[in-house]
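Please read the structure below before turning to the comments.
Number of protein chains: 2
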Amino acid sequence: MSTNFINKGSNMTLREYILSLSQFYRVNIRAAVNASELGLNGMHVRCLHVIANTPDCTANCIVKNMGRDKAQIARLVKEMIAKGWLEKHPSSEDKRSQILSLSASGRQLQQKISLLEKTIENTILTGLSEQDVADFQRIAGKMLDNLSGSVS
Amino acid sequence: MSTNFINKGSNMTLREYILSLSQFYRVNIRAAVNASELGLNGMHVRCLHVIANTPDCTANCIVKNMGRDKAQIARLVKEMIAKGWLEKHPSSEDKRSQILSLSASGRQLQQKISLLEKTIENTILTGLSEQDVADFQRIAGKMLDNLSGSVS
DNA sequence: GAAGTTGGTTGACATCGTCAACCTTTTGAA
DNA sequence: TTCAAAAGGTTGACGATGTCAACCAACTTC
């Protein structure tokens, strides 16, 4: 236990790096999004991401991607449609499903979010070389493979 | 936007690596803790960590470390004291504060958690060299410094 | 010494998450 | 081909979690 006692800089555990990095990232993006007064919360942002990046996106795609309960996603999607950010169209593949896409205003939102994220990414990358970034991605990718049981 | 379209392996964005890694970590540790039937939720685990690693730990230390509301922490601490995991003693520095520490059963819990975390860490590290790990820590540390405004 | 700030407690309520029930559609086994 | 099981999505109900406010005692600052 005493080896974890000193919580400063280079004696942080791997766990702490992983969790701190994401926490700080989230704190920064939340502050940026709130400061932009876009009226978005974290779930909105994540959902916009999934839909923007998933061809023929259904509610079930979002459920799987975000690892969330289908009830929650149904409500989220319903809210975002009501706000005019999303549109839905019948799926030709499956009558139970609707294909979700970003509306024009949803796309504008997504672009604003991307700019904010790019700003934070630039902050994160300050002082790091391209090799550092490539190494980080390679190592983090391996870690992810390991954590997801190499099924990724 | 289309450069973020392909979400497979080496074309993931930095954001995605950071958030995915922590999400998978959390999914894994939650499953392990639940499987161990310790009766702990995520906040319990985090609180045990903070107290185990903070000399003369007060509620306020936990608030600052976890970035949470003092009302929430007060309730959490009260609950954990009621469960017998924590003990409190008057602070000699400040009569408003109590010094929190792990009880014997709290320490047992913390040790069980550490074992689970070590198991997951070993999973994460499979196939990575010591140099990889050192690089990851160096790079992640730099990223954290960048994100926390170099005040860390 | 007085005013302002801080540590902690509790009330009240908002927000978020989960489970269940349900209906329609699809899938796959017999 | 038929039908039971599974799946996609919706909504009800309620539990879990988080936030803001009010308050009091203790501490700090001027």
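Which chain is which? The protein sequence lines are A and B, in order.
To convert, count from 1 in the first sequence and add 7; that's our numbering.
To convert, count from 1 in the second sequence and add 7; that's our numbering.
Glycine included, every Cβ here is placed at the ideal spot set by N, Cα and C.
Return the chain-ordered list of same chain residues with a C-beta closer than 6 Å to the C-beta of residue i, the five sequence neighbours on each side being excluded.
i       : result
L26(A)  : none
F12(B)  : Low confidence applies here, because F12(B) scores a pLDDT of 28, under 50, leaving its location unreliable and the question unanswered by this model.
R145(A) : none
M50(A)  : L83
N72(B)  : V57
L47(A)  : V40
V70(B)  : K77 and I80
D139(A) : none
L135(A) : none
C64(A)  : I58 and L107
K95(A)  : Q105 and L107
N14(B)  : Residue confidence is low: N14(B) scores 40 on pLDDT, short of 50, so the model does not pin down where it sits. No coordinate-derived value is stated.
V158(B) : Unreliable positioning characterises V158(B) in this predicted model, as indicated by a pLDDT of 43, which lies under 50. The coordinate reading is nonetheless provided below. Excluding sequence neighbours, V158(B) sits near nothing in its chain.
N129(B) : none
Short check: CB of residue i to CB of residue j, under 7 Å?
i       : j       : result
V52(A)  : I120(A) : yes
N41(A)  : L154(B) : no
G74(B)  : L93(B)  : no
C54(B)  : T61(B)  : no
Y24(A)  : A111(B) : no
D142(A) : D142(B) : yes
S29(A)  : S29(B)  : yes
Report, in whole angstroms, the separation of the C-beta atoms of residue i and residue j, which I expect to be a contact under 8 Å.
i       : j       : result
R22(A)  : E44(B)  : Their Cβ separation, rounded to whole angstroms, is 22 Å, which puts R22(A) and E44(B) out of contact at 8 Å.
A127(B) : M150(A) : One detail in the question is off: residue 127(B) reads as Ile in this sequence, not Ala. The Cβ separation is near 11 Å, so there is no contact.
With a CB to CB cut of under 7 Å and the five nearest residues on each side skipped, what residues in its chain are close to residue i?
i       : result
A235(B) : Residue 235(B) lies beyond the stretch modelled for chain B, which goes from 8 to 159, so this question has no answer here.
N18(A)  : none
P97(A)  : Q105
M87(B)  : H51, C54 and L93
G91(B)  : S110 and S112
Q115(A) : none
What does a CB cutoff of less than 8 Å around residue i pick up in its chain, not counting 5 residues either side in sequence?
i      : result
A66(A) : K77, I80, A81, V84, S104, Q105 and L107
Y32(B) : I127 and I131
A38(A) : none
Would you say the beta carbon of residue i comes nearer than 6 Å to a heavy atom of the ligand MN?
i      : result
C68(B) : This structure lacks the ligand MN; in fact it carries no ligand of any kind.
Mind pulling the alpha helix (DSSP H) runs of 4 or more residues that sit fully within the segment 35-123 of chain B?
49-59, 66-73 and 77-89
When you check each C-beta in the segment 25-48 of chain B against every C-beta of chain A, which residues fall closer than 9 Å?
I25, L26, S27, L28, S29, Q30, F31, Y32, R33, V34, N35 and I36
Which of the residues in the segment 123-143 of chain A, read from start to end, lie with their CB under 7 Å from any CB of chain B?
E124, E128, T130, I131, T133, G134, L135, D139, D142 and F143
Cβ-based contacts, 9 Å cut-off: residues of the segment 143-154 of chain A near chain B
F143, Q144, R145, I146, A147, G148, K149, M150, L151, D152, N153 and L154
Given a limit of 7 Å on CB to CB distance, which residues of the segment 51-65 of chain A reach chain B?
A59 and N60
Residues of the segment 71-100 of chain A in Cβ contact with chain B at a cutoff of 8 Å, in chain order, please.
G74
Along the segment 102-120 of chain A, where does the CB come closer than 7 Å to a CB of chain B? Name the residues.
Result list empty, no residue passes.
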